[in-house]
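Have a look at the structure below, then the notes.
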Amino acid sequence: MPLQGNLRNFSTTQLLNLINLAGKTGTLTIFEGIPTGEKDAMQEEKMAPGAERAKVAFKAGKLIFAAMQGQDGNLVSVLNKAGKLTDDQARIIRERAKNTSDKALAMLLINANYVSQNDVINSVQQHTLDVVYNLMSWNKEPFRFEDGTLPGSDRIMVPIDLENVIIEGSRRLREVDELVKHLPNLDMALKFPENPKEKFQGINLSVEEWRVVSFINPKNTIRQIAKANNMSELEIRRIVYGLEQAGLVEMVKPPSVDGKPAPGTPQSRMQQRRQQAAKPQVQRAVVSKLIDKIRSI
Amino acid sequence: MQTVKMVITGPFSSGKTEFIRSISEIEVVSTEREITSTAEAKVKDATTVAMDFGRITVDDDLVLYLFGTPGQRRFDFMWEILAEGMLGFVVMVDSAKPETFREAKSILETFRAYAPTPYVVAANKQDHPDAWAAEDLRIALRIEENVKLLPCVAKDRESVKNVLLELLYSILEEMES
Numbered sequence: 001m002p003l004q005g006n007l008r009n010f011s012t013t014q015l016l017n018l019i020n021l022a023g024k025t026g027t028l029t030i031f032e033g034i035p036t037g038e039k040d041a042m043q044e045e046k047m048a049p050g051a052e053r054a055k056v057a058f059k060a061g062k063l064i065f066a067a068m069q070g071q072d073g074n075l076v077s078v079l080n081k082a083g084k085l086t087d088d089q090a091r092i093i094r095e096r097a098k099n100t101s102d103k104a105l106a107m108l109l110i111n112a113n114y115v116s117q118n119d120v121i122n123s124v125q126q127h128t129l130d131v132v133y134n135l136m137s138w139n140k141e142p143f144r145f146e147d148g149t150l151p152g153s154d155r156i157m158v159p160i161d162l163e164n165v166i167i168e169g170s171r172r173l174r175e176v177d178e179l180v181k182h183l184p185n186l187d188m189a190l191k192f193p194e195n196p197k198e199k200f201q202g203i204n205l206s207v208e209e210w211r212v213v214s215f216i217n218p219k220n221t222i223r224q225i226a227k228a229n230n231m232s233e234l235e236i237r238r239i240v241y242g243l244e245q246a247g248l249v250e251m252v253k254p255p256s257v258d259g260k261p262a263p264g265t266p267q268s269r270m271q272q273r274r275q276q277a278a279k280p281q282v283q284r285a286v287v288s289k290l291i292d293k294i295r296s297i
Numbered sequence: 298m299q300t301v302k303m304v305i306t307g308p309f310s311s312g313k314t315e316f317i318r319s320i321s322e323i324e325v326v327s328t329e330r331e332i333t334s335t336a337e338a339k340v341k342d343a344t345t346v347a348m349d350f351g352r353i354t355v356d357d358d359l360v361l362y363l364f365g366t367p368g369q370r371r372f373d374f375m376w377e378i379l380a381e382g383m384l385g386f387v388v389m390v391d392s393a394k395p396e397t398f399r400e401a402k403s404i405l406e407t408f409r410a411y412a413p414t415p416y417v418v419a420a421n422k423q424d425h426p427d428a429w430a431a432e433d434l435r436i437a438l439r440i441e442e443n444v445k446l447l448p449c450v451a452k453d454r455e456s457v458k459n460v461l462l463e464l465l466y467s468i469l470e471e472m473e474s
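Chain order of the listed sequences is C and H.
Residue 1 is where the first sequence starts when you use the numbering used here, and the numbers rise one by one after that.
Residue 298 is where the second sequence starts when you use the numbering used here, and the numbers rise one by one after that.
This is the structure:
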């Protein structure tokens, strides 16, 4: 089943996180949004998919290819943009190798000592990242993810871990409003997800991010962490947003936010009693009877 | 006579009424009204303004009531009343409408705060060509691994039975723990 929707409701970072966690293989296409004049279920303007604006491909949850409509993404242009080929070299190669695939061209250029293998890999990787970082700021376009669809085999595909892309992309999100919308309450706390060691392996965090990570504890509010690290609200929001989108931390309510008293206190015991009273007094036999009845319907 | 109650909740047009209708032994007592808003009318013709009410009689001594909540936020004052004394709850999500996922998550959190009862999430409309797969929904809605997220087609009685049974198994497990 294809995943489709609108970036307004499900952002690029959320999509990348989903693709990463689910280890998906396929191609994400982002379209120009065409207003239909109708409202969706949340009363927002419904957008129909128009022309393709970008394509991003993934293999087993890793980013492998990205192309933006209207941008020349062939190898010569990518190497030229990265400063590995001069304008003159690029022009001549384009003329001579019109019908050569990127992979074959890369081999020719490496063999002719124009560029090294690392130059090719790094330039293609940087180009892919630039495209993805660019589209991470889009917020109203329709999208569609097709499982199993990949670009042609003549393309050079360099696998890139999505965790770092999500973190870096989030770093670049300068939209304060968006950050405030996502994290309106700095009195929430943070906790590590299950298997934090596994998730943190191979992740490159900045010094600031590590400083925040070192304070993560369900008892510390985000505001307290910011104060301890002498960070502004915007700085802490940006860091927490990146960490959360990469699935490295989760938001939780500290005891003070929802008025929940600390465990073991008389207030906590009283609240527990109230909750017990709110629970229906149903016996195991009753539930078993319900199960039998529903099975027999 | 003992009565027990389960609540079926979820965003507007997620399939709550249909879910109850598929399993209830009585014609669902629905307080649906014709939709006045043009936009909402395009999604469906009638909406639940107070609650749906279905019944499953187990025997002379035991009856299960299913209550469907109104999906629109403007009727959320009813939610807490409906949640009182519930045995568990089902959160319905329209798998083909990603614009409602955030709302579904918010409703789930609200009901969790009302009462610490077991719950399951039903990924409804799995027969729709645009439906997101249940496991993708789990990631999208950030549903923890220990919470059951079940593929569902609310108009199919067997599918509805499966959701209710899974909820009852969770209730049993909680009683035993």
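Don't be surprised by glycine CBs; every beta carbon is placed ideally from N, CA and C.
All of these numbers come straight from a predicted model, not from anything done at the bench.
For this session: Scan the segment 130-211 of chain C and note each continuous beta strand (DSSP E) run of 3 residues or more that stays entirely inside, going in chain order.
Result: 142-147, 189-191
Exercise. For Leu290 (chain C), which three-state DSSP category applies?
Worked result: helix
Exercise. Can at least three beta-carbon pairs, one atom from the segment 94-105 of chain C and one from the segment 137-150 of chain C, be found at a separation below 8 Å?
Worked result: no
For this session: Grab me the residues of Tyr411 (chain H)'s own chain with a C-beta within less than 6 Å of its C-beta, minus the 5 sequence neighbours each way, in chain order.
Result: Result list for Tyr411 (chain H): Glu377, Ala380, in chain order.
Exercise. Does DSSP put Pro395 (chain H) in a helix, in a strand, or in coil?
Worked result: Here Pro395 (chain H) sits in helix by DSSP.
Exercise. Anyone know if the C-beta pair for Gly312 (chain H) and Ala401 (chain H) falls short of 7 Å?
Worked result: If you check the CB distance, Gly312 (chain H) and Ala401 (chain H) do not come in under 7 Å.
Exercise. What is the DSSP secondary structure of Asn443 (chain H), reduced to helix, strand or coil?
Worked result: Assigned with DSSP and collapsed to three states, Asn443 (chain H) falls in coil, not helix or strand.
For this session: Using only alpha-carbon positions, find the residue among C:Ile216, C:Asp87, C:Arg53, C:Val56 that is nearest to Pro193 (chain C).
Result: When each option's Cα is compared against that of Pro193 (chain C), the closest is C:Ile216.
For this session: Indicate the three-state DSSP secondary structure (helix, strand or coil) for Asn421 (chain H) in the structure shown.
Result: strand
Exercise. When the Cα atoms are used, what is the spatial distance from Gln4 (chain C) to Val78 (chain C)?
Worked result: 30 Å
Problem set entry | Contact list for Arg399 (chain H) against chain C, beta-carbon separation under 7 Å | Asn9
Problem set entry | Buried versus exposed call for Glu38 (chain C) [16 or more other C-beta atoms within 10 Å across all chains shown] | exposed
Exercise. Buried or exposed: where does Leu243 (chain C) fall if 16 or more other Cβ atoms within 10 Å of its Cβ makes it buried?
Worked result: Its Cβ being crowded by 16 or more others within 10 Å, Leu243 (chain C) is buried.
For this session: Tell whether a beta-carbon distance below 7 Å holds between Ala437 (chain H) and Phe398 (chain H).
Result: yes
For this session: State the Cα-Cα distance for the pair Arg172 (chain C) and Leu359 (chain H), rounded to the nearest angstrom.
Result: 59 Å
Exercise. Can you name the residues that DSSP bridges to Met472 (chain H)?
Worked result: Met472 (chain H) pairs with nothing; no bridge assigned.
For this session: Mind checking the segment 308-326 of chain H against chain C and listing, in chain order, the residues whose C-beta falls within less than 9 Å of any C-beta there?
Result: Pro308, Phe309, Ser310, Ser311, Ile320, Glu322
Exercise. Beta-carbon of Ile291 (chain C) versus every beta-carbon of chain H: anything under 7 Å?
Worked result: yes
Exercise. Taking the C-alpha atoms as reference points, what is the distance between Ala228 (chain C) and Val282 (chain C)?
Worked result: Ala228 (chain C) and Val282 (chain C): Cα-Cα distance of roughly 48 Å.
For this session: Look up Met389 (chain H) in the DSSP assignment and give the residues it is bridged to.
Result: H:Ala419
Problem set entry | Rounded Cβ spacing between Val319 (chain H) and Val457 (chain H) (contact assumed at less than 8 Å) | One point to set straight first is that residue 319 (chain H) is Ser, not Val, in the sequence displayed. Indeed, because the Cβ distance is near 4 Å, the residues count as touching under 8 Å.
Exercise. So what does Glu250 (chain C) bridge to, in DSSP terms?
Worked result: C:Lys191
Problem set entry | Selection from C:Ile156, C:Val249, C:Ile294 that minimises the alpha carbon distance to Phe58 (chain C) | C:Ile156
For this session: Please report the residue range of the alpha helix (DSSP H) in which Ile216 (chain C) lies.
Result: If you look at Ile216 (chain C), you'll find it isn't in any alpha helix (DSSP H); DSSP assigns it neither H nor E.
Problem set entry | Near-chain C residues of the segment 424-450 of chain H - C-beta to any C-beta below 7 Å | Asp427, Ala428, Trp429, Ala430, Glu432, Asp433, Ile436, Ala437
For this session: For Gly33 (chain C), I'd like the list of residues in its chain whose CB is within less than 6 Å of its CB, leaving aside the five on either flank, ordered along the chain.
Result: Met47, Lys140, Glu141, Pro142
For this session: Go through its chain and collect everything with a Cβ distance to Glu340 (chain C)'s Cβ below 6 Å, but skip five positions before and after it.
Result: Past the edges of chain C, shown from 1 to 297, lies residue 340 (chain C), and the structure says nothing about it.
For this session: Under 9 Å between beta-carbons, which chain H residues line up against Leu18 (chain C)? List them in chain order, please.
Result: Asp433, Ile436, Ala437
Problem set entry | Integer-rounded CB distance, given that Val304 (chain H) should sit under 8 Å from Met383 (chain H) | About 5 Å; that satisfies the 8 Å criterion.
Exercise. Are the Cβ atoms of Leu205 (chain C) and Val249 (chain C) separated by less than 7 Å?
Worked result: no
Problem set entry | Anticipated Cβ contact below 8 Å, Ala82 (chain C) with Gln126 (chain C), distance rounded | 6 Å
For this session: Could you pull out every residue in the same chain whose Cβ sits closer than 6 Å to the Cβ of Gln69 (chain C), ignoring the five residues on either side in sequence?
Result: Glu52, Arg53
Exercise. In chain order, which beta strand (DSSP E) runs of at least 3 residues are fully inside the segment 8-78 of chain C?
Worked result: 26-39, 45-59, 62-68
Exercise. Helix or strand or just coil, what does DSSP make of Leu464 (chain H)?
Worked result: helix
Problem set entry | Assigned exposure category for Leu234 (chain C) - 16 Cβ within 10 Å defines buried | exposed
Exercise. From the DSSP output, which residues share a beta bridge with Arg352 (chain H)?
Worked result: H:Tyr362
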